[in-house]
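Each step along the sequence shown adds one to the number in our numbering, with nothing skipped, and position 115 is 170.
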Amino acid sequence: MMARTALRPLRDRVGSITSGTLAWIYAALLVVPFYYFVVSAFKTNEEIFESPLALPGTWDLGNFATAIRQADLVLAVANSVLTTVGALVLTLLLALPASFALARSTGRLGKAVENVFALGFLIPSFAALFPTFLLAAALGLFHSRTFIVFLLPATALPLSIVILTSFMRTIPRELEEAASMDGASTLQVLRQVYLPICVPGIATVLLLNFLSFWNAYLYPLILTGPDTAQRTIQVALPTLKVDAGTDYGVLMAGTLFTLLPVYLVYTVLQRQMQRALVSGAVKG
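Given below as structure tokens:
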């Protein structure tokens, strides 16, 4: 018995060293490519190929200026912001009431409706490309950002409703009953009881959908067509790569420029998302 007890600290120490080593290796696998990506944004093609991991000779912002000018990234970022923000607002306007109703339902009909939303995970995005094209043409919204704003929430509703419904079910019914006894309507219960408590869950949905909407490529490419004034950032970036010879420093700079909004949004919402994950783990 004493031998087993003596072996435990040794096992714990070996396990700690092993897990720490694996964690540092994993961190290096993430940091080294990111470092290469950042320093390449300030280099010429010759510097990138000759000394890929070395620091640039001069920290010149010329690559950023060239990328912004060639791909018209300012307009593309503005288009991405408009479509992403519009799609996020529409997603919440649809997902919150639907999740509230599903979380409060106790019958078979509510369960059936929830299963219908869950079926959305089984439909690959490219499978709906041709019907979406026909619908956009029939509505007269082809080659416009408006249809993208209406389309993106449809792709995000299954995940959004599943997350928000699961989160709302953790809210005690006593809070809703107390609000109803005070004369609160159903809409007031949703707005004053559920929404404040569901802020971490809403932040999670916003962050996940923001990443999906911001990085959308296939549908914006098809639906906006050749109109450069309508294209989003993911459609504009590939124009920096040409057959005659790609300036990889400019391409890296343009990509890094488009990642800044993603970093800002993640910085704002990450704490709420962590709260949602921790809350789910504790309640689970």
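Virtual Cβ for every residue (Gly too), placed ideally from N, Cα, C. Fair warning: this is a prediction, and the values are worked out from it, not measured in the lab.
Use the C-beta contact count for residue i: other C-beta atoms within 10 angstroms, 16 or more gives buried, fewer gives exposed.
{"i": "Tyr318", "result": "exposed"}
{"i": "Arg224", "result": "exposed"}
{"i": "Ser71", "result": "exposed"}
{"i": "Thr259", "result": "buried"}
With DSSP collapsed to three states, give me the class of residue i.
{"i": "Tyr272", "result": "coil"}
{"i": "Pro107", "result": "coil"}
{"i": "Ala61", "result": "In this prediction, Ala61 scores a pLDDT of 49, lower than 50, which makes its location untrustworthy; the coordinate-derived value is nonetheless stated afterwards. Three-state result, Ala61: helix."}
{"i": "Ser71", "result": "helix"}
{"i": "Ser267", "result": "helix"}
{"i": "Trp34", "result": "Here the chain covers residues 56 to 339 and nothing more, so residue 34 does not appear."}
{"i": "Gln325", "result": "helix"}
{"i": "Ala191", "result": "helix"}
Please name the residue in the options whose C-alpha comes closest to that of residue i.
{"i": "Thr283", "options": "Glu232, Arg228, Thr241, His198", "result": "His198"}
{"i": "Ile295", "options": "Asp127, Leu110, Leu266", "result": "It should be pointed out that residue 295 corresponds to Leu in this sequence rather than to Ile. Nearest of Asp127, Leu110, Leu266 to Leu295, Cα basis: Asp127."}
{"i": "Met307", "options": "Gln285, Ala122, Ala156, Leu245", "result": "Ala122"}
{"i": "Thr287", "options": "Gln247, Ser135, Val305, Phe205", "result": "Ser135"}
{"i": "Gly195", "options": "Leu273, Gly141, Val248, Leu278", "result": "Leu278"}
{"i": "Leu145", "options": "Pro208, Thr76, Ser160, Tyr321", "result": "Pro208"}
{"i": "Leu266", "options": "Gly175, Trp114, Leu143", "result": "Leu143"}
{"i": "Leu324", "options": "Thr241, Asn264, Val290", "result": "Asn264"}
{"i": "Ala131", "options": "Thr310, Thr322, Ala191, Leu250", "result": "Thr310"}
{"i": "Asp115", "options": "Phe97, Ile103, Gln125, Ser180", "result": "Phe97"}
{"i": "Ala150", "options": "Thr161, Asp302, Phe172", "result": "Phe172"}
Quick check: the Cα distance between residue i and residue j, rounded to an integer number of angstroms?
{"i": "Pro152", "j": "Leu261", "result": "16 angstroms"}
{"i": "Phe119", "j": "Thr99", "result": "12 angstroms"}
{"i": "Thr210", "j": "Tyr90", "result": "33 angstroms"}
{"i": "Leu177", "j": "Leu314", "result": "29 angstroms"}
{"i": "Phe155", "j": "Leu108", "result": "51 angstroms"}
{"i": "Ala158", "j": "Ser221", "result": "7 angstroms"}
Under the assumption that residue i contacts residue j (Cβ atoms under 8 angstroms), give the Cβ distance between them as a whole number of angstroms.
{"i": "Arg200", "j": "Thr138", "result": "5 angstroms"}
{"i": "Gly256", "j": "Leu219", "result": "6 angstroms"}
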